[in-house]
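Number of protein chains: 2
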Amino acid sequence: MNGMTIAGLAKAGGVGVETVRYYQRRGLLAEPPRSGGTGLGGGVRRYGAEDVRRLRFIRSAQSAGFTLEEIGELLALDASHDRARARALAAGRIAALDAKIADLEQARAALARLADSCAAGRRGPCPIIAAFDPA
Amino acid sequence: MNGMTIAGLAKAGGVGVETVRYYQRRGLLAEPPRSGGTGLGGGVRRYGAEDVRRLRFIRSAQSAGFTLEEIGELLALDASHDRARARALAAGRIAALDAKIADLEQARAALARLADSCAAGRRGPCPIIAAFDPA
DNA sequence: CTAGACTCCGGACCGTGGTACGGAAGTCAT
DNA sequence: ATGACTTCCGTACCACGGTCCGGAGTCTAG
Chain A
1 MNGMTIAGLA KAGGVGVETV RYYQRRGLLA EPPRSGGTGL GGGVRRYGAE DVRRLRFIRS
61 AQSAGFTLEE IGELLALDAS HDRARARALA AGRIAALDAK IADLEQARAA LARLADSCAA
121 GRRGPCPIIA AFDPA
Chain B
136 MNGMTIAGLA KAGGVGVETV RYYQRRGLLA EPPRSGGTGL GGGVRRYGAE DVRRLRFIRS
196 AQSAGFTLEE IGELLALDAS HDRARARALA AGRIAALDAK IADLEQARAA LARLADSCAA
256 GRRGPCPIIA AFDPA
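Respectively, the protein sequence lines represent chains A and B. Numbered by the numbering used here, the letters in the first sequence go through residues 1 to 135 in order. Numbered by the numbering used here, the letters in the second sequence go through residues 136 to 270 in order.
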């Protein structure tokens, strides 16, 4: 069951082969030894369930707004058992998420008001610019 | 009152001079004729209240998640009175905002759960990876 | 054994939204 | 009218997260 090639890993993680290779370059995914004992030029790398787990973690953390650099730190922390630091990172990210969410909700409200007033009138310019004018 | 130079406009809009010039290149802001009637090499461009309004609009629309390209369309629409198209753009953006907000809220919840469980235990790895594992 | 598919790898390139650079020409206060 | 500060303009560069390229090596089916 440890016989996946890079294409299999990529598929399992829902990304492209090049993305996996990119994460390896960034140090987020391990580069297992290459098969083929000949030694000259090496063979093909094989991946297993642990690699898939790690790749999926990267994608999830990304969707939480972590940058790849932060994810690298998270991954290192997971190995090093530094819970305090991990919690600090999480807290920072939560605050950032809250701020971002508030921003987007404000924008959404402004946009909804705009669409409303645009639908209401029938002629003349849609009051788009006015709607966005500094309140 | 139409005597602002580019630095004044930039300041009024809360951006840098280079950003104003960038928007001009993108066609989002007009490039008024250059002063100094000599004609050879030209002089300095002057800006007024309308330019400030437009620049502020760009920043507001941007914070609502519109790309500069979409903002260009919005600006053109405002001039052309095509209310239906403007409403469609707004509706699309609102849907995108809703999706994004839902995403972030999900991420926030996951992260909060993580921070909790990390704070609860005292030794061993912080269950970061587990928390992000596919549900 | 050979063809075709897949892998490895470094480096170049992409889109988005700017930011920096550098020289020439314009403008303002003294 | 001299010196300091701006403006103008094209071009190059930045971060971010990939994405594509080309050539050599490897693996697998027939």
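Glycine residues also receive a C-beta, built at the ideal position from the N, C-alpha and C atoms.
| Item | Value |
| --- | --- |
| Within chain B, the residues that alanine 112 of chain A reaches when beta carbons sit closer than 9 Å | Ala225 and Ile229 |
| Inter-residue Cα distance where the pair is arginine 228 of chain B and leucine 114 of chain A | 12 Å |
| Cβ-based neighbour list, arginine 56 of chain A, same chain, cut-off 7 Å, excluding 5 preceding and 5 following | Gly13 |
| Candidates A:Val20, A:Glu73 and A:Ala96: closest to arginine 85 of chain A by CA position | A:Glu73 |
| Leucine 239 of chain B and glycine 65 of chain A closer than 9 Å at C-beta | yes |
| Ordered list of alpha helix (DSSP H) runs contained in the stretch 177 to 247 of chain B, each at least 4 residues | 184 to 198 and 203 to 215 |
| Rounded separation between alanine 145 of chain B and isoleucine 71 of chain A - CA only | 36 Å |
| CB of alanine 90 of chain A within 9 Å of CB of cysteine 253 of chain B, strictly | yes |
| DSSP state of isoleucine 161 of chain B mapped onto helix, strand, coil | Going by the sequence as given, residue 161 of chain B is arginine instead of isoleucine. Coil at arginine 161 of chain B, not helix or strand. |
| Same chain only: Cβ atoms within 8 Å of arginine 194 of chain B, ignoring 5 sequence neighbours per side | Gly148, Gly149 and Val150 |
| Residue from B:Arg243, B:Met139, B:Gly143 and B:Asp251 with nearest C-alpha to glutamine 62 of chain A | B:Arg243 |
| Reference glutamate 185 of chain B, options B:Leu203, B:Met139, B:Gly162 and B:Gly178, closest by Cα | B:Met139 |
| Interface positions of the stretch 137 to 165 of chain B facing chain A (Cβ-Cβ less than 8 Å), listed along the chain | none |
| Extent of the continuous alpha helix (DSSP H) to which glycine 16 of chain A belongs | Here glycine 16 of chain A belongs to no alpha helix (DSSP H), and DSSP marks it neither H nor E. |
| Classification of aspartate 116 of chain A by the beta-carbon crowding that lies within 10 angstroms, buried from 16 upward | exposed |
| Partners in chain A for alanine 211 of chain B, counting only beta-carbon separations shorter than 7 Å | Simply none; closest approach about 11 Å. |
| Spatial distance of proline 32 of chain A from glutamine 24 of chain A (CA atoms) | 10 Å |
| Cut-off 8 Å between Cβ atoms - residues of its own chain near arginine 181 of chain B, not counting five sequence neighbours on either side | Asn137, Gly138, Met139, Thr140, Pro167 and Ser170 |
| Cβ-based contacts, 8 Å cut-off: residues of the stretch 51 to 65 of chain A near chain B | Arg53, Arg54, Arg56, Phe57, Ser60, Ala61, Ser63, Ala64 and Gly65 |
| Any chain A beta carbon closer than 9 Å to alanine 242 of chain B | yes |
| Rounded straight-line distance, which links the Cα of glycine 27 of chain A to that of lysine 235 of chain B | 29 Å |
| Exposure of valine 155 of chain B, with buried meaning 16 or more beta-carbon neighbours within 10 Å | buried |
| Threonine 189 of chain B and leucine 210 of chain B closer than 9 Å at C-beta | Note that residue 189 of chain B corresponds to arginine in the displayed sequence, not to threonine. Yes, the pair counts as a contact, with Cβ atoms nearer than the cut-off. |
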